[in-house]
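K.L.:
Residue numbers (the numbering used here): 265 to 663.
Shown below is the structure under consideration.
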Ligand SMILES: Cc1cc2nc3c(=O)[nH]c(=O)nc-3n(C[C@H](O)[C@H](O)[C@H](O)COP(=O)(O)OP(=O)(O)OC[C@H]3O[C@@H](n4cnc5c(N)ncnc54)[C@H](O)[C@@H]3O)c2cc1C
């Protein structure tokens, strides 16, 4: 054994030391969030893109908040001032009236800005509101047999629409806030490795903006991160550990990562981690978005990792650069033989991003590849995938 081998802790020992440190230090939570200073915000899409994706870097004081590649960061956002103001104006309430939430007093303005979910319209919000205003039309809509009509009404609407379309003759500040739930935190897959960026945490955020029922809408947290905190100011955050989305303990194990759009975030963290730990395992990334020229998130970083040999293989799919749509699952199918060979060599298969369509399409492609390249019947391919899951080699972080 060489001197270096004798004195350097092996990666397993290192991991378990870090695990202990990690769990001991998770003292920050929703109730006790950490005020993280925004160091940097960069728009990742080029001019002309239909997308608005931002990269954010927050400062973490030494040992204050620890995380590992694969974890998520929860952010406690503030609502948009104009949405708060619209509600106050519409209800003709005084923004400095005092209201109580769980025994604590706040001004109405404070409570609507940072304590309550003032946007999400749901069955329970409508129910609670109708208990206050007793409107015949809402009464009808709330009947169980009108479930579909209620869903149609809710779709694309927010609390402001309900207040506008069914105005209360008189509503106290306490009554208004009684229809709202607590403002939930939003989770973001962490896009950095703490080994590559000590005392920092990075995020990749897709900013939600859309137009429905005559109003411009803004996703609460993504627009908070995009425009309502400035460099040098602080956002309240806490780490949520994700034990089910971690790199293999054995760093020689190859990994395949499928992360279109903001799904790229944890894979930036993974690659940084694999580089920082001199991991010898091969790394294959599938990335996709709308256009090569405007939406290739972190393009230069991937290029550098390829040149350095850290990234073994990069396959990209830009869905709108040609007539027929091409997605990450198409790139997987183009590379089916090699992908199957990697799985046979023990590769872990990771998927991150859109849960509604992408994750299912990727799952279908994976089954197809195993069936075709493994010469298996459909049922056997299913069993192969189940085994991957049982062995915790097929890991997903989808939302
Ligand atoms: C484990 C996990 C990891 C995540 N990681 C990331 C990440 O790395 N990056 C990232 O960007 N996001 C990530 N998310 C999603 C993130 O948590 C938020 O859900 C997202 O940023 C939207 O939050 P928001 O507050 O901006 O929007 P909200 O205020 O919550 O509004 C979003 C809602 O608006 C509605 N809506 C959106 N578009 C339309 C439309 N066109 N028409 C009608 N209604 C619409 C939908 O009801 C949608 O649910 C992750 C989620 C989870 C659970």
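Note that the Cβ used here is the ideal one computed from N, Cα and C, for glycine as well.
How far does the beta strand (DSSP E) with residue 547 in it extend, from its first residue to its last?
P.N.:
547 to 553
K.L.:
Which residues does DSSP pair with residue 479 in a beta bridge?
P.N.:
476
K.L.:
Using a Cβ-Cβ cutoff of less than 6 Å, which residues in the same chain neighbour residue 445 once the five nearest sequence positions on both sides are dropped?
P.N.:
381
K.L.:
Does the separation of the CB atoms of residue 581 and residue 531 fall below 9 Å?
P.N.:
no
K.L.:
What I want to know is whether the C-beta of residue 334 ends up closer than 8 Å to one or more non-hydrogen atoms of ligand 1.
P.N.:
no
K.L.:
Using C-beta distances below 8 Å, list every residue in its chain close to residue 498, excluding the 5 sequence neighbours before and after it, in chain order.
P.N.:
299, 300, 301 and 302
K.L.:
Using a Cβ-Cβ cutoff of less than 7 Å, which residues in the same chain neighbour residue 351 once the five nearest sequence positions on both sides are dropped?
P.N.:
376, 382, 424 and 427
K.L.:
Kindly examine ligand 1 and report whether one of its heavy atoms sits closer than 8 Å to the Cβ of residue 483.
P.N.:
Yes, the Cβ of residue 483 comes within 8 Å of a heavy atom of ligand 1.
K.L.:
Using beta-carbon positions only, say whether residue 559 and residue 291 come within less than 9 Å of one another.
P.N.:
no
K.L.:
Please state if the CB of residue 467 and the CB of residue 455 are separated by a distance shorter than 9 Å.
P.N.:
yes
K.L.:
Taking 8 Å as the cut-off, is the CB of residue 308 close to at least one heavy atom of ligand 1?
P.N.:
no
K.L.:
Mind checking whether the beta-carbon of residue 468 lies closer than 8 Å to any heavy atom of ligand 1?
P.N.:
yes
K.L.:
DSSP puts residue 614 in a beta bridge; with which residues?
P.N.:
521 and 659
K.L.:
Relative to ligand 1, is the shortest distance from any of its heavy atoms to the C-beta of residue 419 smaller than 8 Å?
P.N.:
yes
K.L.:
Looking only at its own chain, which residues have a Cβ that is under 7 Å from the Cβ of residue 594, when we skip the five neighbours before and after it?
P.N.:
581
K.L.:
If I follow the unbroken alpha helix (DSSP H) through residue 634, where does it start and stop?
P.N.:
622 to 638
K.L.:
How close, in whole Å, do the beta carbons of residue 526 and residue 470 come, if the pair is a contact with beta carbons under 8 Å?
P.N.:
5 Å
K.L.:
On a Cα-Cα basis, can you pick out the residue from 373, 524 and 365 that is closest to residue 359?
P.N.:
373
K.L.:
Among all the DSSP beta bridges, which residues are the ones paired with residue 579?
P.N.:
550
K.L.:
What does the alpha-carbon distance come out to for the pair residue 500 and residue 347?
P.N.:
21 Å
K.L.:
At a threshold of 8 Å, does residue 387 count as lining ligand 1 (C-beta to nearest heavy atom)?
P.N.:
Because no heavy atom of ligand 1 lies under 8 Å away, the Cβ of residue 387 does not count as near it: no.
K.L.:
Mind checking who residue 454 pairs with in its DSSP beta bridge?
P.N.:
Residue pairing by DSSP places residue 454 opposite 467 in a beta bridge.
K.L.:
Reducing DSSP to helix, strand and coil, say where residue 320 ends up.
P.N.:
Residue 320 falls in the strand class under three-state DSSP.
K.L.:
Using the three-state DSSP reduction, which class does residue 339 fall into: helix, strand or coil?
P.N.:
strand
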